[in-house]
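Undergrad: Taking mature numbering (1 follows the signal peptide of the UniProt record, and there is no 0), I'd label the letters of the sequence shown as residues -21 to -1, 1 to 112.
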Amino acid sequence: MDWKKPLFAAAALLAVAPSMAAASPLEGRWINPKHSVTVRIGACGPTMCGRVVDASPRAREKAAAGGTPNLIGTPLLTNLAAANGGWKGSVFVPDHNIRASANLKLLAPNQLKVQGCVLAGLLCRSQVWTRID
């Protein structure tokens, strides 16, 4: 009967282990430089993603004019995976209704450089987002 206690303890540890995994430094709420859009980044299956959780009326208008009628809830960042000291994935630009390749890099614990590139990386734009929680 003594052999059951260590086995039970090991099984309990394995059951809890996934929840004890360290959170990604990307996780949290981030705001763009104009303070017009807030994105929550978190786990989405095996990768990370970021959805719009708040937006100014002007940002909503611009997105609607570009073909995104409901900006709140829209996934802006998808399929983010660790790569080369940062993260790679896709970024959606709602006011232009386009998807581009994305490169993200933490500049500091509360600063995230988000870069989107089209035309095989020939045309890129970037912003530095600020963590708000």
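The beta-carbon is built from N, C-alpha and C at its ideal position, and this holds for glycine as well.
Whose CA, out of P25, R104, A99, lies closest to the CA of A2?
TA: Locating residue 2 in the sequence shown gives position 23, counting from the first residue. The residue with the shortest Cα to Cα distance from A2 is P25.
Undergrad: Using a 10 Å radius around the Cβ and a threshold of 16 neighbouring Cβ atoms, would you call A60 buried or exposed?
TA: Within the sequence shown, residue 60 is the residue found at index 81, counting from 1. It is exposed - the Cβ of A60 has fewer than 16 other Cβ atoms within 10 Å.
Undergrad: Using alpha carbons as the reference points, say which of H14, I20, Q94, I77 lies closest to R37.
TA: Along the sequence shown, read from residue 1 onward, the residue named residue 37 stands at position 58. Ranking the options by Cα distance to R37, first place goes to H14.
Undergrad: Just tell me which of R104, G95, P12 has its CA closest to the CA of T57.
TA: Numbered from its first residue, the sequence shown carries residue 57 at position 78. Ranking R104, G95, P12 by Cα distance to T57 puts G95 first.
Undergrad: Quick one: grab the DSSP three-state call for P36.
TA: In the sequence shown, counting from the first residue as 1, residue 36 sits at position 57. P36 falls in the helix class under three-state DSSP.
Undergrad: Pull up the DSSP beta-bridge partners for L91, would you.
TA: For the purposes of this step, residue 91 is taken as residue 112 along the sequence shown, with counting starting at 1. Its beta-bridge partners are L85, W108.
Undergrad: What is the rounded straight-line gap between the Cα of I20 and the Cα of A42?
TA: Position 41 of the sequence shown, counting from 1, holds the residue named residue 20. Position 63 of the sequence shown, counting from 1, holds the residue named residue 42. Each residue's alpha carbon lies about 20 Å from the other.
Undergrad: To the nearest whole angstrom, what separates the beta carbons of W85 and V107, a pair I think is in contact under 8 Å?
TA: In the sequence shown, the residue the question calls residue 85 occupies position 106. In the sequence shown, the residue the question calls residue 107 occupies position 128. As written in the sequence, residue 85 is Leu, which differs from the Trp given in the question. About 10 Å; that fails the 8 Å criterion.
Undergrad: What does the alpha-carbon distance come out to for the pair A44 and C23?
TA: Within the sequence shown, numbered from 1, the residue matching residue 44 stands at position 65. Within the sequence shown, numbered from 1, the residue matching residue 23 stands at position 44. In a straight line, the C-alpha of A44 is about 28 Å away from that of C23.
Undergrad: Keeping to the same chain, check which residues put their C-beta closer than 6 Å to that of residue 128; ignore five residues upstream and five downstream.
TA: Because the chain here runs from -21 to 112, residue 128 falls outside it and cannot be looked at.
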